[in-house]
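First comes the structure, then the notes that go with it.
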Amino acid sequence: MNELIEKTRQWFHDKGIIANSNPLKQLNKSQEELTETRDAAVKLAYANELYIIHGMCFTENQVDDLIHELKDGIGDTIVTLIGVCEMYGFSLEECLQMAYDTISKRNGTMIDGVFVKSK
Numbered sequence: 000m001n002e003l004i005e006k007t008r009q010w011f012h013d014k015g016i017i018a019n020s021n022p023l024k025q026l027n028k029s030q031e032e033l034t035e036t037r038d039a040a041v042k043l044a045y046a047n048e049l050y051i052i053h054g055m056c057f058t059e060n061q062v063d064d065l066i067h068e069l070k071d072g073i074g075d076t077i078v079t080l081i082g083v084c085e086m087y088g089f090s091l092e093e094c095l096q097m098a099y100d101t102i103s104k105r106n107g108t109m110i111d112g113v114f115v116k117s118k
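In numbering that gives the first Met the number 0, the protein residues as written are 0 to 118.
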């Protein structure tokens with residue numbers, strides 16, 4: 000994982016993105032990639048629901064394509080966040096550790112399939 004992150008950081012430099020862009024533009028790109036990821040997840044959920052309720056409505060290849068689209072979207076989102084971290088001088092690991100340190104102590108309950116933190 001460390002090697003992939005380092006290669007991705009270097010890619011941002013090699014492509015001139017660090018020198019010629021800014022964090023807000025990259026965060027807009029992150030949002031775009033996250034939206035594409037969500038769209039893929041919605042399509043996959045719909046495909047799985049139709050498969051379960053109505054029988055085979057999507058071919059195995061179509062479902063495989065949706066899974067590929069979802070994985071690609073997740074990866075693209077992570078790539079853009081690595082670029083944002085690089086622009087700010089943070090590491091992805093540092094940000095993830097900070098988030099984990101916070102959530103590991105968090106209490107809450109599940110409501111309609113979503114974890115809602117206690118106040």
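Ideal Cβ positions, reconstructed from N, Cα and C, are used throughout, including at glycine.
Here's the rule: buried if 16 or more other CB atoms are within 10 angstroms of the residue's CB, otherwise exposed. What is residue i?
{"i": "Ala44", "result": "exposed"}
{"i": "Ala39", "result": "buried"}
{"i": "Glu93", "result": "exposed"}
Please state the DSSP three-state secondary structure of residue i.
{"i": "Phe120", "result": "With the chain running from 0 to 118 in the structure shown, residue 120 is simply not present."}
{"i": "Met109", "result": "strand"}
{"i": "Lys28", "result": "helix"}
{"i": "Lys116", "result": "strand"}
{"i": "Gly72", "result": "helix"}
{"i": "Lys42", "result": "helix"}
{"i": "Gly15", "result": "coil"}
With 8 Å set as the bound, which would you pick, yes or no: does the beta-carbon of residue i sit closer than that to a beta-carbon of chain C?
{"i": "His12", "result": "Among the protein chains of the structure shown there is no chain C, as only one such chain exists."}
Alpha carbon to alpha carbon, how far is residue j from residue i? Give it in angstroms, no decimals.
{"i": "Gly107", "j": "Gln96", "result": "20 Å"}
{"i": "Asn122", "j": "Asp64", "result": "Coverage of the chain is limited to positions 0 through 118, which leaves residue 122 absent and any answer about it impossible."}
Quiz prompt | Validate contact between the segment 66 to 73 and the segment 23 to 43 using beta carbons, cut 8 Å, 3 pairs | solution = yes
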